[in-house]
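Protein chains: 4
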Amino acid sequence: MIIVLKPGAGQAEIDHILQRIAELGLKAHLSRGEQRTIIGVIGDESKLQSEPLQAIPGVEQVLPILKPFKLASRDLKREDTVVQVGRVRIGGGSLAMIAGPCAVESFEILDQIAVRVKAAGANILRGGAFKPRTSPYSFQGLGEQGLKILRDVGRKHDMPVVTEVMDPRQVELVDRYADMFQIGARNMQNFDLLKEVGQTRKPVLLKRGMSASVKDLLMSAEYILSEGNPWVVLCERGVRSFEESTRNMLDLSAVPNVKGQSHLPIIVDPSHATGRPDLIPAMARAAVAAGADGVHIEVHSCPEKALSDGPQALLPDQYAAVMRDLRRLAEVMGKSLA
Amino acid sequence: MIIVLKPGAGQAEIDHILQRIAELGLKAHLSRGEQRTIIGVIGDESKLQSEPLQAIPGVEQVLPILKPFKLASRDLKREDTVVQVGRVRIGGGSLAMIAGPCAVESFEILDQIAVRVKAAGANILRGGAFKPRTSPYSFQGLGEQGLKILRDVGRKHDMPVVTEVMDPRQVELVDRYADMFQIGARNMQNFDLLKEVGQTRKPVLLKRGMSASVKDLLMSAEYILSEGNPWVVLCERGVRSFEESTRNMLDLSAVPNVKGQSHLPIIVDPSHATGRPDLIPAMARAAVAAGADGVHIEVHSCPEKALSDGPQALLPDQYAAVMRDLRRLAEVMGKSLA
Amino acid sequence: MIIVLKPGAGQAEIDHILQRIAELGLKAHLSRGEQRTIIGVIGDESKLQSEPLQAIPGVEQVLPILKPFKLASRDLKREDTVVQVGRVRIGGGSLAMIAGPCAVESFEILDQIAVRVKAAGANILRGGAFKPRTSPYSFQGLGEQGLKILRDVGRKHDMPVVTEVMDPRQVELVDRYADMFQIGARNMQNFDLLKEVGQTRKPVLLKRGMSASVKDLLMSAEYILSEGNPWVVLCERGVRSFEESTRNMLDLSAVPNVKGQSHLPIIVDPSHATGRPDLIPAMARAAVAAGADGVHIEVHSCPEKALSDGPQALLPDQYAAVMRDLRRLAEVMGKSLA
Amino acid sequence: MIIVLKPGAGQAEIDHILQRIAELGLKAHLSRGEQRTIIGVIGDESKLQSEPLQAIPGVEQVLPILKPFKLASRDLKREDTVVQVGRVRIGGGSLAMIAGPCAVESFEILDQIAVRVKAAGANILRGGAFKPRTSPYSFQGLGEQGLKILRDVGRKHDMPVVTEVMDPRQVELVDRYADMFQIGARNMQNFDLLKEVGQTRKPVLLKRGMSASVKDLLMSAEYILSEGNPWVVLCERGVRSFEESTRNMLDLSAVPNVKGQSHLPIIVDPSHATGRPDLIPAMARAAVAAGADGVHIEVHSCPEKALSDGPQALLPDQYAAVMRDLRRLAEVMGKSLA
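As you go down the protein sequences, you meet chains A, B, C and D in turn. Sequence positions in the first sequence follow the working numbering and run 13 to 350. Sequence positions in the second sequence follow the working numbering and run 13 to 350. Sequence positions in the third sequence follow the working numbering and run 13 to 350. Sequence positions in the fourth sequence follow the working numbering and run 13 to 350.
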């Protein structure tokens, strides 16, 4: 931590700051420059991170040096974390290919979709039973009935299943049916929900919030990790921007950016990122080439009758075509697509 | 609803769309232009709003005409809604002046702050007992003990109190102590929480999400209203932007923008918007001049020892100076500051 | 300047950095912390600002301490700069009320508008002769003929005139007719144009770019000042954001933000910021309350026939109503509206 | 064009609008719905595009149907445009691999870099002679001397050269030395400059502005095309966002997005997009996988002594490693890397 003082900071103000640092059991290192006086703080910086030093009179800027997350950091753990979902491994060279409809609508429809995506190479089945919809008048999901259908179809096709959990009160219920929790973008900073899934030992797919920085995403992962659940998979799914022709802006640089700082796997969701089936294949390819540990794509057998997000779903044939490309790219990248 | 067809859309595709519209009990109105064929849909547009018409082959664009919210809309209710919090009225010419520390820390500190902000003209006391912190290692609030302190200090100074609720499971507890719920920016689209406070009849202060559009904000209000609770006060508190010198970017145009579309009151929080005490006074003045129904400001008697967000708090003296300006501006605006 | 080294930085890397600092005639101050080694650089920081120290192996972060602008800085000049345009003063308590149509269309139309805005209290007349239009097929302005009309109408009503200059080759021409240059948002970083107007001694209205930070805006002002022209007036006119219901997002916090860092006056343009006549009055009032040194509003006597930006223009009567409010707010703010 | 009327629009207002449409030689098609009356306009929509219909009383919304660009549109020209720069083809399956330092500094340094990037597979050499720097105190480029060095080094290594032009007055000079003009992000809407390069017949590399939408980018291309120069190559180089850990946010979806709407080639610049050498390789790979027609990377033999943008340059060895990956990905994509 470096504390930069204002040009006119006097000795009384400096002494006051030095005293605060000493009270916290840390050492200060004063350096008087021509234009500014600077105090370096030596010791465990984390003690200072919640201190409002910026509010002390005479302080111009407080510059933290260390990252605010620990358990998620590659400084703590050098090797890649591999998250196991059923028999599927995510990370460390193994790609998760998650596919399925936005919402679970019926056994028949989900079954139709599952058989097609599995044949194309998907290894995890997705489907929402609790849907976070912008409008209270939109379809909100089938609830527990949807969870049952998802589990049953998953078992039938021998695919582990992932589904969104939106409310801490649903965690126990969802835990009974799903192989992996999904925390949606709107809930990335729903800290009580993060703590609740952090207390299970089931893998969590944590989606980046619509205006979350990469650091914010890692801090939210830290919430889960700090409760004792180490099985977090991050997901880049686009952020809000001024560009009106796509639903969100896919920030693929988040993939190498996360991998440099953290040992956690990160996958990419081009469906929500673009909201446009014509752009999804190119962005899925780019994700694999950027080094992502998997791709999450919405697929529906009849998008125009889908109860949620139909316009952004791929048809099963389109998905199969994408998967043919991804297989070849995975090979170039030295990744296996189980 | 207007459906624009792709240049090459054939008769079979047009017939398919016309049939879908008829199935929904609506009338279609076909118009063949030189470059595009257009279908206008006549009838209750809301029946179409959740339909994925965009996914039908041959469709280029679907253009909704009506707003997706109803209960929040000024089309439904022309006159301003006035929300009563204790004896304080918000809206319809009465300004809410909400002040207090970010977090409740102790009875003594809160009491010290309350006496000062009340003397300066604040009419509602704020203080967090449950704190949504980016880091799991930061102070998370005093919980129920904080709620008790807040209620007791409020009673002592005859001020109604507002505090954040983050988890649907806390709603009942918070309801026992607070006069108004606050839904924070990170939870603006925590739909289960919105439904839960919607089932009470206590006023809700709903803060705009960090990347929520004005329409999204009104849709979240619609969730609360549609559960039967009409007492929603909106709050503009800045959105994420590329500007690094302020914590967020205060979008004051949201004030007249909301007022044109909705009957709900809207207040402004310049503390979270700017994160900088040097900018708060100017932005508080601008909020009142823009027509806001109140201003929400964080005040702490010793910002450098605050357990949360100290660097953005005003000192009680600074707050009193701001309030002197706001009083004069309120007069020009024809508003009363009870 | 503070240089933070990577965790594993060795002695050879440290020595290499120390040598680079010495070569530049500066002193280094080494501080070894528990987790990081830090080098403070003492001396004229500006020597280092263009050095790519970040590229040196072993360097994790380079943290500048000083602001990159000098002539625009309040550190250099404490008192507010007052810019004189004809007989109108901008800054130091005097408000510029700039009004007129987007584009000069004819003597008659401009004359009609000028008589109305002057009566309402405008003190500077605006009108574009060279128009930066997104489409090459839109009206591009009348060129020199437009400049003549603007000058003639200005003289007739005894109002100084401001008009946009887009191309360094036009500076001499525009200089002959206008009392103030306008540099539009799209040209805020057209550095050759900035240098060219910097070589005149005529006031420059410099609009903030659509995604320029406040620091970027001040750096562009620095370009003009460093060529010898001290008469720069800044203009906040909204930035790009995800909010689709307004043309841009007006960042009013830029007003106190600039005033804290710089001595230059800053005005606000709510017309381009919102693009919506229903929001302009509230944003004009907010601008004055925030401490702006003036307001720039587009006014047209027949917006539906305007050749450029008609939908965002106020009618003369609407402008007069806004000015009545601004007059009362200016009084509260202790500003004079000549 | 569809005109949606306000709920209370009366017959007089409707008649007024119908008359305006008739005056423009177009036909109107009235459709009265339950909640809104809508007017479809039949005929050449481009006649209406510059009309401020939105400003007519009674009009709620004006919805354009057609795209505002023509010459850049794939509707006009179905097959991909291939741009020839010297002997290098860009588009139609051929990849441009542009590399070189940010700025031309000396013959020796550029020569050193050119030999290395050519050996690695680069086919076009870049280097700036006129540099758009945020600060007036930063190195501004060598000017004509830089152009000469660039041409001479290009000839020596038989590589065509591209360099930025910032000022319409420089176009003739740069035309004498360069094989391709570059229009930088800051000048994407410098319309006089676009017109000037549009009057030459030399290829133009047009970089996307920092907050330009894909439509804005294509409109700027339209400026060049409409002056008669068909040889435009677009370049995605990242846009401004709230994410602070990268210089800009690379919007790779712009690649398939542009390709769906336009016949023009588009390349990607991961150097300016990320500003971080550790992220450039992954983003270069993702660009090729997304279908880009080339990659633009800054390379410097000694980044720590570079006079401009050193910290984002790759070393020649790093560039060679990237190129090995790109070659394999190009093969998967069916592209040739001459």
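Positions of the beta carbon are idealized from the N, C-alpha and C atoms, including for glycine.
Simplified DSSP assignment, three categories, for residue i
{"i": "C:Val226", "result": "helix"}
{"i": "A:Phe254", "result": "coil"}
{"i": "A:Gln194", "result": "strand"}
{"i": "A:Ile77", "result": "coil"}
{"i": "C:His308", "result": "strand"}
{"i": "C:Met335", "result": "helix"}
{"i": "C:Lys89", "result": "coil"}
{"i": "B:Glu239", "result": "coil"}
{"i": "D:Arg340", "result": "helix"}
{"i": "C:Thr146", "result": "coil"}
Rounded C-alpha distance that separates residue i from residue j
{"i": "C:Ile136", "j": "C:Arg181", "result": "25 Å"}
{"i": "D:Gly210", "j": "C:Gly155", "result": "20 Å"}
{"i": "D:Asp263", "j": "D:Ser283", "result": "13 Å"}
{"i": "B:Glu234", "j": "B:Glu57", "result": "17 Å"}
{"i": "B:Val245", "j": "C:Glu310", "result": "33 Å"}
{"i": "D:Ser253", "j": "A:Ser265", "result": "13 Å"}
{"i": "B:Ser225", "j": "D:Ile279", "result": "32 Å"}
{"i": "D:Lys214", "j": "D:Tyr189", "result": "11 Å"}
{"i": "B:Ile54", "j": "D:Arg44", "result": "8 Å"}
{"i": "A:Ala111", "j": "A:Leu159", "result": "16 Å"}
{"i": "B:Leu349", "j": "B:Leu338", "result": "9 Å"}
{"i": "A:Leu205", "j": "A:Ser238", "result": "13 Å"}
Any chain A beta carbon closer than 7 Å to residue i
{"i": "B:Tyr235", "result": "yes"}
{"i": "D:Ser257", "result": "yes"}
{"i": "D:Thr286", "result": "yes"}
{"i": "D:Leu291", "result": "yes"}
{"i": "D:Asp187", "result": "no"}
{"i": "D:Ser274", "result": "no"}
Neighbour flag for residue i against chain D, beta carbons, 7 Å
{"i": "B:Phe81", "result": "no"}
{"i": "C:Ile68", "result": "yes"}
{"i": "B:His41", "result": "yes"}
{"i": "A:Val280", "result": "no"}
{"i": "B:Ile14", "result": "yes"}
{"i": "A:Pro268", "result": "yes"}
Extent of the continuous beta strand (DSSP E) run through residue i
{"i": "C:Glu176", "result": "173–176"}
{"i": "C:Met295", "result": "Counting along the chain, C:Met295 falls outside any beta strand (DSSP E), though it belongs to the alpha helix (DSSP H) covering 292–301."}
{"i": "A:Val100", "result": "100–102"}
{"i": "D:Gly52", "result": "49–54"}
Rounded distance between the beta-carbons of residue j and residue i, thought under 8 Å
{"i": "D:Thr146", "j": "D:Leu276", "result": "About 29 Å separates the two Cβ atoms, so there is no contact after all."}
{"i": "A:His308", "j": "A:Arg138", "result": "7 Å"}
{"i": "A:Met345", "j": "A:Ala296", "result": "Not confirmed; about 13 Å, so no contact."}
{"i": "C:Pro268", "j": "B:Leu291", "result": "5 Å"}
{"i": "A:Ala21", "j": "A:Gly70", "result": "4 Å"}
Minimum Cβ-Cβ distance from residue i to chain B less than 7 Å
{"i": "C:Gly303", "result": "yes"}
Test: residue i CB closer than 7 Å to a CB of chain C
{"i": "D:Phe254", "result": "no"}
{"i": "A:Arg101", "result": "no"}
{"i": "B:Asp351", "result": "Given that chain B is displayed from residue 13 to residue 350, the structure contains no residue 351 of chain B and the question cannot be resolved."}
{"i": "B:Val97", "result": "no"}
Endpoints, the alpha helix (DSSP H) within which residue i is located
{"i": "B:His169", "result": "Premise fails: B:His169 is in no alpha helix (DSSP H) and is neither H nor E."}
{"i": "B:Gly210", "result": "203–210"}
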